[in-house]
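Numbering (the working numbering), first residue to last: 7 to 375. No residue lacks a Cβ here, since even glycine has one placed at the ideal position from N, Cα and C.
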Ligand code: ATP
């Protein structure tokens, strides 16, 4: 067994259960993201796995070695685990320049590592800053130095806690890509904490979505986004529209269409969750735009697309997309706002009529609470 293996880890603070029976496997070369809301236990799980917090229940393997086992009390300190750590504050040594910071943890300064550092500085666009001190670097440059410092001793496992949160949005995309390149090149097993779904989608081979101390879904980014395990996961990736209906003859009818619901009993109340980008809009009388990613069917696909029409409440540009809110009549005679995010510039006037269809891939059915 190589990589990182966390088995059945639980952790309490002051008798409050913060992590509950979580198991995680990260293979060499894999990036696994722990994704979840603030306080769900992500950082605690990472800190216990890294040895920064004493293990209370469970077991942690790194490579072939058991580095912590609650049953025996064995608990190696972080510096004996063969790991790299990087936190959001970077914690660079202010009195050391870039090269000295990166070399700090290597001990015997081997030729092979010096060659690697030169290569890594190049890869991370830091070559001309080799002799610079941290206070003269931008946030993104400091982040990359901190990453190289964590990777220089060739750790088998790298732990990253919100590594991009200090960067502004324009720098983030580039630094993420550079980080991913070097992680994949080194082949280290990486466990990363983030509360940002887009960041997890970009970085991860697998995402472990956490809620209240438990892993509620473990899947690839595409699986977690398109096949959410429950309404919490579906809603965590961004705003979501919630429709509901009662199952009859294996289908549930909603004002936005009728959906196949073969896995539910007749009479069951079902929530149909649809992301804003799962809706296709067109001016009344026009054909809705089809996105290249739209798939024709999956179990929860609409079986009838009669393209009902609705009144627009507002439409605002978002740059590459437009946010259109329209009014959906409800069965009690009232109405509810529904959000649609459509590609490009689509800005119908308030009170204009739009036709609405649902992308088959983006309607998620769950038994109502
Ligand atoms: P965030 O994204 O906000 O850091 P998180 O998912 O990483 O959240 P944790 O930092 O693991 O969550 O915290 C989980 C819970 O444990 C929180 O309620 C937090 O207040 C509590 N907690 C964390 N560290 C300690 C500690 N040292 N002592 C007591 N309670 C703690």
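When Cβ pairs closer than 8 Å are counted between the two stretches, the region 273-291 is seen to touch the region 341-351, the count reaching three or more.
Residue 329 and residue 323 have their alpha carbons spaced roughly 6 Å apart. When beta bridges are read from the DSSP output, residue 53 appears opposite no residue. It is roughly 10 Å from the alpha-carbon of residue 77 to the alpha-carbon of residue 61. Residue 52 is positioned such that its CB atom lies closer than 9 Å to that of residue 40. Cβ contact annotation for residue 101 (same chain, cutoff 7 Å, sequence separation greater than five): none.
Residue environment for residue 368: buried (at least 16 other C-beta atoms within 10 angstroms of its C-beta). In its chain, beyond the 5 residues on either side, 201 have a beta carbon closer than 7 Å to the beta carbon of residue 44. The alpha-carbon of residue 9 is positioned some 19 Å away from that of residue 221. Residue 184 is positioned such that its CB atom lies closer than 9 Å to that of residue 129. Non-local beta-carbon contacts of residue 137 in its own chain, meaning distances under 6 Å to residues more than five positions away in sequence, involve 103 in chain order. Rounded to whole angstroms, the gap between the alpha carbons of residue 373 and residue 80 is 44 Å.
DSSP places residue 218 outside both helix and strand once states are collapsed to three, so it counts as coil. CA-to-CA, the gap between residue 167 and residue 149 works out to about 12 Å. Under DSSP, residue 141 shares a beta bridge with no residue. With distances taken between CA atoms, residue 121 lies nearest to 158 out of 158, 165, 49.
For residue 155 and residue 91, the gap between their C-alpha atoms comes out near 9 Å.
Short of 6 Å from the beta carbon of residue 65, and not among the five residues preceding or following it, lie these beta carbons of its own chain, in chain order: 13, 75. Taking the Cβ atoms as the reference, residue 164 lies roughly 5 Å from residue 194, within the contact range of under 8 Å. By the 16-neighbour rule on beta-carbons within 10 angstroms, residue 133 is exposed. Taking 8 Å as the cut-off, the C-beta of residue 92 does not count as close to any heavy atom of the ligand ATP. When the Cα atoms are used, residue 224 and residue 238 turn out to be separated by approximately 14 Å.
Taking 9 Å as the cut-off, the beta carbon of residue 203 is found closer than this to the beta carbon of residue 243.
For residue 22, the Cβ falls inside the 8 Å cut-off from some heavy atom of the ligand ATP.
Going by beta carbons, residue 370 and residue 240 fall inside the 9 Å limit. In this structure, residue 25 keeps its C-beta atom at 9 Å or more from the C-beta atom of residue 72.
As computed with DSSP, residue 127 is found in no beta bridge at all. Around the Cβ of residue 86, a 10 Å sphere holds fewer than 16 other Cβ atoms; the residue is exposed. If you check the C-beta of residue 172 against the ligand ATP, you find no heavy atom less than 8 Å away.
Under the three-state reduction of DSSP, residue 154 is assigned to helix. By the neighbour-count definition (other C-beta atoms within 10 Å, threshold 16), residue 48 is a buried residue.
Between residue 361 and residue 315, the gap from beta carbon to beta carbon is short of 9 Å.
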